[in-house]
Amino acid sequence: MIVAISFAAAAVVASQMWLALRTPLSNPSLLRTNFRGNEIPAIAGVIVLIVATIGSLIVLALSSSVDSAVAFAGFQAAAGFGVLGMLDDLGADSSGGGFGGHLRALRNGKVTTGLVKLVGGGVVAAMTAGIISPDLAGWVRDTLVIALSANLANLFDRAPGRTTKVAVIAFVALAASTALAPEVSIAALAVGAAVGLAPFELGEHLMQGDTGVNVVGALLAVSAVATCPDVALWIVLAVVLALNLISERVSFSKVIAANRVLRAIDMAGRAV
């Protein structure tokens with residue numbers, strides 16, 4: 203029950219927050235050019251950040267069914283990845299062409315905000331995993347799962363609503379495989395908030411930016427780490443690691459465009 207309540211409440215609150223905050227979020231300094239060449243608010247994902255952090259604290263304070271350590275881990279991951287994502291969204295030097303691009307920039311004496319986000323995200327992931335991981339091997343694995351999941355959400359964020367659609371699929375799989383374990387409510391806060399923003403994102407009125415999508419990826423991982431058995435988590439790690447590595451050589455957008463089913467899902471709800 204708490205998973206459904208968290209999801210629904212987050213979706214409603216996020217949509218209403220956008221209606222209330224769209225004017226300040228449309229400040230010229232917060233606009234970025236989207237793939238069509240139109241300038242739209244670029245850090246609307248701050249709403250996901252707010253909903254996820256405050257929601258995690260509410261769960262921590264009021265819910266007896268959710269492990270308090272998991273709720274705090276969700277708060278920490280949302281706050282950490284959200285702030286790092288905002289730094290990257292607002293940074294003038296955030297573009298580095300993936301992990302390899304950030305390293306090339308570093309060799310040339312330039313520290314990009316994207317590299318700061320990657321390193322900082324590793325630290326946040328390690329601290330978060332330290333709260334809920336049972337042993338050293340589990341801590342290493344869970345650190346990687348959280349960090350790579352947050353980054354993977356960013357890698358999918360190349361078209362309106364794409365990361366949210368992927369997140370919903372992952373969330374449904376997680377909720378079903380864990381029989382709606384209460385700790386999945388932490389992921390529900392972030393995914394629900396993203397769903398609440400989805401109509402506006404699909405209509406190209408806003409972009410979540412790294413501020414939002416990194417939180418979505420991280421909290422999905424936190425709930426997975428808290429509820430899935432070890433074997434499943436090793437499989438999750440293999441999948442997210444492979445996708446992160448593949449993205450350095452293969453364009454997800456091109457793969458999606460070349461597949462009729464994936465293209466239909468990707469275009470669903472979007473302006474033509």
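Going by the numbering used here, the residue at position 246 of the sequence shown is 448; the numbering climbs one at a time, nothing skipped. Ideal Cβ positions, reconstructed from N, Cα and C, are used throughout, including at glycine. Remember, it's a predicted structure, so these values are computed and weren't measured experimentally.
Closest option to Ser231, judged by alpha-carbon separation, among Ala222, Glu241, Phe237, Leu223: Glu241. Within the same chain, Ala244, Ile245, Gly247, Asp291 come within 6 Å of Gly411 by CB-CB distance, once the 5 residues on both sides are set aside.
Taking Asp359 as the centre and dropping the five residues before and after it, the same chain places the C-beta of Thr365, Val415 closer than 6 Å to its C-beta, in chain order.
When rounded, the separation of the alpha-carbon atoms in Gly363 and Leu346 is 25 Å. With contact defined as three or more Cβ pairs closer than 8 Å, the stretch 377 to 397 and the stretch 443 to 456 are not in contact.
Val250 and Leu435 have their C-alpha atoms spaced approximately 25 Å apart. CA-CA distance, Glu406 to Gly471, rounds to 11 Å.
Here the stretch 393 to 406 does not lie against the stretch 270 to 279, with fewer than 3 beta-carbon pairs under 8 Å apart.
Counting of Cβ neighbours within 10 angstroms places Met409 among the buried residues, the total reaching 16 or more.
Judged by DSSP secondary structure, Glu403 falls within the alpha helix (DSSP H) whose first and last residues are 386 to 404.
In the assembly as shown, Arg309 is an exposed residue. Its beta-carbon has fewer than 16 other beta-carbons within 10 Å.
In the three-state scheme derived from DSSP, where H, G and I count as helix and E and B as strand, Arg343 is classed as helix. The beta-carbon distance between Ser267 and Ile204, rounded to whole angstroms, is 6 Å. This is short enough to meet the 8 Å contact definition.
Where Pro226 is concerned, the enclosing alpha helix (DSSP H) starts and stops at 204 to 227. Sequence-distant Cβ neighbours of Ala349 in its own chain, meaning closer than 6 Å and more than five residues away, are Gly323, Gly324, Ala327.
Under the three-state reduction of DSSP output, Ile333 falls in the helix class.
With 16 or more neighbouring CB atoms inside 10 Å of its own CB, Pro384 falls in the buried class. For Ile252, the enclosing alpha helix (DSSP H) has its first and last residue at 248 to 264. Secondary-structure assignment with DSSP links Arg234 through a beta bridge to Ile242. For Met288, the enclosing alpha helix (DSSP H) covers residues 270 to 292.
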